[in-house]
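Enquirer: In the UniProt record's numbering, the protein residues as written are 1 to 183.
Structure provided below as structure tokens; questions to follow.
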Amino acid sequence: MTVQQPKRRPLSRYLKDFKHTQTHCAHCGKLLDRITLTCRGEIVNKTTIAQLDTLIDDAAWQVEKQEWMALCRFCGDLHCKEQGNYFDIIGFKQYLFEQTEMSHGTIREYVVRLRRLGNHLSEQNIPAPSSLQSLLDDTLDAWLPQTSTNNYRIALRKYWQFQVQLLEASASYQESHITSDIY
Ligand SMILES: [Zn+2]
């Protein structure tokens, strides 16, 4: 009796099918229009995907699949190209999605604004704010762009809320840890 060999196909085939079955962005849940595929956090473009000709079977694909994600362009750009920014842009975006009721459009606007501000500040070598309070007071004021200054202030204020929420979350985490140490 011969053992039935599992059917093997090139990885690129699996990825093509995968791409077609993804309807929503893995990060923000937005309905996908143009899809960005990422592998282990890096964008993989169409040409590269087409060249992935390793033959694998279904079982191997199930393992490989976990490394791949379908993202909208916005999230793809943000997660894969955002490095060493002045602000924690990705955390900020996540916060807006998870903790506020804002629409996608509004979130996008906030994120873009803060990102632009971050770039603006790092270009001028402005040191990152040393405390939460300095996000709100006039420490950064002198460095804010001359146009739409108020919009940047609003974005900073939102970012401040995000940072406060982070602090609170880590405080309650520690608290629950102390409690579990006692019992
Ligand atoms: Zn997205």
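Built from N, CA and C at the ideal position, the CB exists for glycine as well.
Please read all numbers here as calculations on a predicted model, not as lab measurements.
Which same chain residues, not among the five before or five after E168, have their C-beta less than 6 Å away from its C-beta?
Expert: Sequence index remark: in the sequence shown, residue 168 carries index 168 (1-based). So no residue of the chain qualifies.
Enquirer: Indicate whether C80 and C28 have their beta-carbon atoms separated by less than 8 Å.
Expert: Counted from its first residue, the sequence shown places residue 80 at position 80. Counted from its first residue, the sequence shown places residue 28 at position 28. No; because the gap between Cβ atoms is not below 8 Å, this pair is not in contact.
Enquirer: Considering Cα atoms alone, identify which of Q94, Q66, N45 is closest to Y110.
Expert: Here residue 110 refers to the residue found at position 110 when the sequence shown is read from its first residue. Checked all of Q94, Q66, N45; the closest Cα to Y110 is Q94.
Enquirer: Any chance the CB of H27 is under 7 Å from a heavy atom of ligand 1?
Expert: For the purposes of this step, residue 27 is identified with residue 27 of the sequence shown, where counting begins at 1. Yes, since a heavy atom of ligand 1 falls inside the 7 Å radius drawn around the Cβ of H27.
Enquirer: Strictly under 8 Å for the Cβ-Cβ distance: is E123 near chain B by that measure?
Expert: The structure shown contains no chain B, having only a single protein chain.
Enquirer: Closer than 7 Å: is that where the CB of K30 sits relative to any heavy atom of ligand 1?
Expert: Along the sequence shown, read from residue 1 onward, the residue named residue 30 stands at position 30. Flag set: Cβ of K30 near ligand 1.
Enquirer: Using a threshold of 7 Å, is the CB atom of L140 nearer than that to any non-hydrogen atom of ligand 1?
Expert: Your numbering for residue 140 matches position 140 in the sequence shown. No, the Cβ of L140 stays beyond 7 Å of every heavy atom of ligand 1.
Enquirer: By how many angstroms is the C-alpha of L78 removed from the C-alpha of L32?
Expert: Position 32 of the sequence shown holds residue 32. Position 78 of the sequence shown holds residue 78. If I take the Cα positions, the gap works out to 16 Å.
Enquirer: If you count every other CB in all the chains shown that lies within 10 Å of the CB of R115, and 16 or more means buried, which is it?
Expert: As a working note, residue 115 is residue 115 in the sequence shown. Its Cβ being crowded by 16 or more others within 10 Å, R115 is buried.
Enquirer: Can you tell me whether DSSP reads R8 as helix, strand or coil?
Expert: By one-based count along the sequence shown, residue 8 stands at place 8. Note: R8 maps to strand in three-state DSSP.
Enquirer: Between which two residues does the alpha helix (DSSP H) carrying L135 extend?
Expert: To locate residue 135, count along the sequence shown from 1; it is residue 135. 133–136 is the extent of the alpha helix (DSSP H) around L135.
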